[in-house]
Amino acid sequence: MMGPVHVLLAHGSRDPEWRWPFERIAGELQTAHPQRSVVLCYLEMWSPSLAEAVFAAHAKGNRDFRITPLFWSRGRHLRDDLPKLVQDLLRDLPDCSFVVDPPVGESEVVRAAVLRLLA
Numbered sequence: 069m070m071g072p073v074h075v076l077l078a079h080g081s082r083d084p085e086w087r088w089p090f091e092r093i094a095g096e097l098q099t100a101h102p103q104r105s106v107v108l109c110y111l112e113m114w115s116p117s118l119a120e121a122v123f124a125a126h127a128k129g130n131r132d133f134r135i136t137p138l139f140w141s142r143g144r145h146l147r148d149d150l151p152k153l154v155q156d157l158l159r160d161l162p163d164c165s166f167v168v169d170p171p172v173g174e175s176e177v178v179r180a181a182v183l184r185l186l187a
C-alpha cells in the first residue's frame with residue numbers, strides 16, 4: 069500500500085441498516101484505488117472506533133493517516149470530539165501523522181451532486 073491510510077469516519081447509529089451506504093462507499097473507494105488502504109470506522113456505537121482502526125493499522129506498520137469525516141457539516145463532533153480524539157492518538161502514537169479533511173458535505177462536488185439530485 070502506498071500513501072497514508074485513508075480513514076473514513078462515520079458517526080454511528082443504533083440501526084444496523086444505517087451502516088450500508090458507508091460500507092458501500094468504503095468498498096467502492098477501495099476497489100477504485102486498490103493501492104490505497106481504506107478503513108471505515110465510527111465515532112460512536114459501532115466498531116471499529118477511530119482509535120481501534122488507527123491502532124490496528126499502526127500494528128501493521130502504518131504511520132500516516134488521512135481522516136475523511138463522512139459528515140454533512142462541522143457540528144460539535146467535528147469541532148470538539150474529533151480534535152480531541154486525534155490529540156489522544158498523537159499522544160499515544162507520537163510516530164504518526166494525521167491529516168483531517170473537511171466533512172464531505174462541505175465539498176463543492178457533493179453540493180453540486182445534491183443539487184442535481186434535487187433538481
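Numbering-wise (the working numbering), the sequence shown opens with residue 69 and increments by one. Ideal Cβ placement from N, Cα and C applies to all residues, glycine included. All of these numbers come straight from a predicted model, not from anything done at the bench.
Identify the continuous beta strand (DSSP E) that holds phenylalanine 166 and give its terminal residues. For phenylalanine 166, the uninterrupted beta strand (DSSP E) run begins and ends at 165 to 168, by DSSP.
Proline 84 and proline 137: beta carbons closer than 8 Å? The Cβ atoms of proline 84 and proline 137 lie no closer than 8 Å to each other.
Can you tell me whether proline 190 is buried or exposed, with buried defined as 16 or more other CB within 10 angstroms of its CB? Given that the chain is displayed from residue 69 to residue 187, the structure contains no residue 190 and the question cannot be resolved.
Between which two residues does the alpha helix (DSSP H) containing aspartate 132 stretch? Per DSSP, aspartate 132 belongs to no alpha helix (DSSP H); it is in the beta strand (DSSP E), 132 to 137.
Decide yes or no for the touch test of the region 144 to 161 against the region 110 to 124: beta carbon pairs closer than 8 Å, at least 3 of them. Contact holds: three or more Cβ-Cβ distances are below 8 Å.
On the DSSP bridge assignment, give the partners of histidine 74 in chain order. Histidine 74 pairs with Val106 and Arg134.
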